[in-house]
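Read the structure below first, then the notes.
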Amino acid sequence: MDIKDTLITLSEKSGVSGYEHKVADYIELNCPWADEIRKDKLGNLIMFKKATKTSDKKSPKVMLAAHMDEIGLIITKINENGFLHFSTIGGIDQRVMLAQEVTVHGKKDLLGIIGAKPPHVQAPDEREKSVEMDQLFIDIGCDSAEQAENLVSVGDLVTINRSVIKLNGSCLAGKAMDDRACVAVLLECLKALADINHIADVYAVATVQEEVGVRGATTSTFSIVPDIGIALDVGHGDMPGVPDYQTIKLANGPGIAIGPHVHPKLHQRFVQTAENWNISYTLEPAVRPGGTDAYAIQITQDGIPTMLLSLPLRYMHTPVETLDYEDVRKTARLLTQFIAELDWEFVEGLPCF
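See below:
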């Protein structure tokens, strides 16, 4: 099975925060390496890989988390001329919204475009600014509220209509790579673990509602209560205009985070593992942990030793999020080697700094 092709399909599927079920169903159908797969009440997809090394000690639990929800839009009003007004679900970059093709998930899926007043009829001061979100609307080709209301209702969801494109080398660009590319990391890791003995019970979780408050990671961690939690999310890839110290270079492997949300021993172990196996990486100082599943994992119950790995991604929260698939493979390889080399002595020593 080509997981790269699976990622392309996942990127193109719709799964706005709170409505991830189609994405979850597809992941479940394309993960033959888990011993058990289940969904919890919030919609998290939990893929369980049982330990293959046993002893008289209880197998440690390792939780891997990557969110499968995407940012999107929701219809808030249908005006008298049949145009659709909308608000956002998650943090969309409004600068790139104008002229996007969208899919309105109404009574049936409808194609639409995001429009606004053209510059020819704007006031001079309006032409110098990006169009505000409340000045944008969706045109589905209706000429009256009555016609539009036969097709669409307030509360219907909207996603960007975008196919993945292949750029030079192993680079891909599309929507929702944040964070379905890290779901691909989970699948690559589970596939590799099928041929490796390991002491840990591995829970690979495709979480929900990360973009609106890391909710899925909160509930799934509380249910699993792992000995080690590893969040996988995207970090800012290198690009013009952004200082090097704020980015992770594409094709150079994952960012290994360091900061208050990362357990020092886990950080040291991941760096050591990367160097032992010649896996390139970037150190990623992270002082504001609230934006990833790592935050929810770390503060569950009486605290979980937590790690964050970041996959480099350009143009985050736009319809053309760009990555190098080799970084997916390198991140999965690092994760696999960490799990393969895990021993009871290391796990039992984690509570002590």
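Count along the sequence shown starting at 1, add 911, and that's the number in the working numbering. Backbone N, C-alpha and C define an ideal beta-carbon position, used for all residues, glycine too. In this text the structure is predicted, and so the values were computed from the model without any measurement.
Inter-residue spacing [alpha-carbon to alpha-carbon] between residue i and residue j
i, j, result
"residue 1138", "residue 1240", "25 Å"
"residue 1126", "residue 1118", "8 Å"
"residue 996", "residue 1026", "10 Å"
"residue 909", "residue 1260", "For the chain, the structure presents residues 912 to 1264; residue 909 sits outside this window and is missing."
"residue 1111", "residue 945", "14 Å"
"residue 1129", "residue 991", "42 Å"
"residue 1006", "residue 1041", "6 Å"
"residue 952", "residue 924", "22 Å"
"residue 950", "residue 958", "9 Å"
"residue 1169", "residue 1218", "8 Å"
"residue 927", "residue 1023", "17 Å"
"residue 1174", "residue 1001", "28 Å"
"residue 890", "residue 1052", "The question about residue 890 has no answer here: the residues shown for the chain are numbered 912 through 1264."
"residue 1215", "residue 1116", "16 Å"
"residue 1147", "residue 1094", "17 Å"
"residue 1043", "residue 919", "31 Å"
"residue 1227", "residue 999", "16 Å"
"residue 1248", "residue 1152", "35 Å"
"residue 1258", "residue 930", "36 Å"
"residue 1062", "residue 1045", "22 Å"
"residue 1085", "residue 1199", "27 Å"
"residue 1059", "residue 942", "40 Å"
"residue 984", "residue 1183", "42 Å"
"residue 1016", "residue 964", "47 Å"
"residue 1120", "residue 939", "18 Å"
"residue 1089", "residue 1197", "18 Å"
"residue 1242", "residue 1165", "6 Å"
Collapsed DSSP secondary structure at residue i in the structure displayed
i, result
"residue 1093", "helix"
"residue 1175", "helix"
"residue 997", "strand"
"residue 1073", "coil"
"residue 1082", "strand"
"residue 987", "strand"
"residue 1261", "coil"
"residue 919", "helix"
"residue 958", "strand"
"residue 976", "strand"
Assigned exposure category for residue i - 16 Cβ within 10 Å defines buried
i, result
"residue 1028", "exposed"
"residue 1107", "exposed"
"residue 1114", "buried"
"residue 1194", "exposed"
"residue 1229", "buried"
"residue 1154", "exposed"
"residue 979", "buried"
"residue 1054", "exposed"
"residue 1187", "exposed"
"residue 962", "buried"
"residue 1091", "buried"
"residue 1189", "exposed"
"residue 1066", "exposed"
"residue 1192", "buried"
"residue 1262", "exposed"
Which full runs of the alpha helix (DSSP H) of 4+ residues lie inside the stretch 1037-1067, going along the chain? Secondary structure in the stretch 1037-1067: the alpha helix (DSSP H) runs of 4 residues or longer, each lying completely within the stretch, are 1056-1060 in chain order.
So within the stretch 1130-1158, which uninterrupted beta strand (DSSP E) runs reach at least 3 residues, ignoring any that extend past its ends? Counting only runs of 3 or more, we get 1139-1147.
Decide if the stretch 1079-1090 is in contact with the stretch 935-949; the criterion is three or more beta carbon pairs, one per stretch, under 8 Å apart. no
Taking contact to mean 3 or more Cβ pairs, one atom from each stretch, closer than 8 Å, check whether the stretch 1194-1213 and the stretch 1121-1135 are in contact. yes
Taking three-plus beta-carbon pairs below 8 Å as touching, is the stretch 1061-1081 in contact with the stretch 1216-1226? Fewer than three Cβ pairs drawn from the stretch 1061-1081 and the stretch 1216-1226 lie within less than 8 Å of each other, which leaves the two stretches out of contact.
Length-filtered (4 minimum) alpha helix (DSSP H) runs lying within the stretch 1155-1242: 1175-1187 and 1204-1209
Flag this pair as touching only if the stretch 1170-1178 and the stretch 1084-1100 have three or more C-beta atom pairs under 8 Å; answer yes or no. The stretch 1170-1178 is not in contact with the stretch 1084-1100.
Three or more C-beta pairs below 8 Å linking the stretch 968-979 and the stretch 1137-1152: yes
Pick out the complete beta strand (DSSP E) segments inside the stretch 1098-1132, 3 residues or longer, and give them in chain order. 1112-1118
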